[in-house]
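These notes concern the structure reproduced below.
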Amino acid sequence: MRLRCKHNPNLSSKPVAIARLDHWRWMICQAGYANVLPPAELRTGSQLSEGDEVPVSGAEDAVFGLLYEMDPEDEFLLDGYEGVDHAAGPSRLGGKVSVEIRPREQGRGDYNKWYIPATVTRWLDEEQRALRMGATAVAGSGPQVTTVLVYVDEERVRLGFPRDEYVPRMNRAIREAESIGFPKHWADEVMRKSIPLN
């Protein structure tokens with residue numbers, strides 16, 4: 023994250039929590055990059071016709087990830103890396119997927135921005151936990167849910183193979199995430215089907 027978040031790397035590249043998206047699915051899509059597929063009731067476009075081909079993500083039926091507190095300018099930089107179309111029109115799904123979750127169409131972008139509830143499985147930063155959950159919230163007192171930004175490619179949802187240049191990047195990301203408590207069993211069960219060790 024530090025390589026991409028150049029505006030405020032001390033904030034934007036520091037992981038603050040490990041969380042999961044229940045009933046979401048992780049995959050390498052036909053473009054050769056990671057993608058996530060929402061639960062059936064939130065699917066749109068190609069996700070509707072092709073989404074059932076993507077296997078359930080592990081015994082937990084969830085996607086795990088690291089959460090970061092993001093400086094707005096660094097978020098804009100990440101949008102560029104992810105190919106977000108800032109000129110895309112407002113969401114037309116209104117009733118199916120609320121505009122709070124999916125404010126805009128994907129347009130000509132590679133990914134779209136979704137804002138969804140995630141269950142924190144482990145806080146890595148006590149200050150961020152207090153900011154998000156409240157100073158009086160007791161750590162470890164049950165599931166804590168926070169809204170997170172997730173980049174979703176709504177169109178490329180067929181299973182594919184990782185690009186050669188992507189495998190070392192993903193291996194580094196998996197190693198670094200596991201070193202701070204990311205669930206190795208989930209990475210082995212879900213991600214390693216597509217990302218071979220190098």
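Numbering-wise (my numbering), the sequence shown opens with residue 23 and increments by one.
All C-beta atoms in this analysis are idealised placements derived from N, C-alpha and C, irrespective of residue type, glycine included.
Keep in mind the model is a prediction, meaning the values are calculated, not measured.
> In angstroms, rounded to a whole number, what distance separates the CA positions of Val189 and Pro218?
Replying inline: 7 Å
>> Please classify Ser120 as buried or exposed, where buried requires at least 16 other C-beta atoms within 10 Å of its C-beta.
In response: exposed
> Applying the criterion that 16 or more other CB atoms from any shown protein chain within 10 Å of the CB defines a buried residue, is Ala41 buried or exposed?
Replying inline: buried
>> Which residues does DSSP list as the beta-bridge partners of Ile50?
In response: Ala56
>> Could you tell me the alpha carbon to alpha carbon distance between Met155 and Lys118, rounded to whole angstroms?
In response: 28 Å
>> Tell me the rounded alpha-carbon separation between Cys51 and Gly203.
In response: Straight through space, the alpha carbons of Gly203 and Cys51 are spaced by roughly 26 Å.
>> Quick check on the burial criterion: 16 or more other C-beta atoms within 10 angstroms. Buried or exposed for Asp83?
In response: Classified as exposed, Asp83 has fewer than 16 neighbouring CB atoms from the shown chains inside 10 Å of its CB.
> With DSSP run on the structure shown, which of helix, strand or coil describes Arg151?
Replying inline: helix
> Where does Phe86 fall in DSSP's three states?
Replying inline: Here Phe86 sits in strand by DSSP.
> Excluding five sequence neighbours on each side, which residues of the same chain lie with their C-beta closer than 8 Å to the C-beta of Pro165?
Replying inline: Thr141 and Val142
> Under a Cβ-count criterion, where at least 16 other Cβ atoms within 10 Å of its own Cβ denotes burial, should Asn134 be classed as buried or exposed?
Replying inline: buried
> DSSP state of Gln128, grouped into three classes?
Replying inline: Note: Gln128 maps to coil in three-state DSSP.
> Where do the N-terminal and C-terminal ends of the beta strand (DSSP E) with Val172 fall, by residue?
Replying inline: Gln166 to Val174
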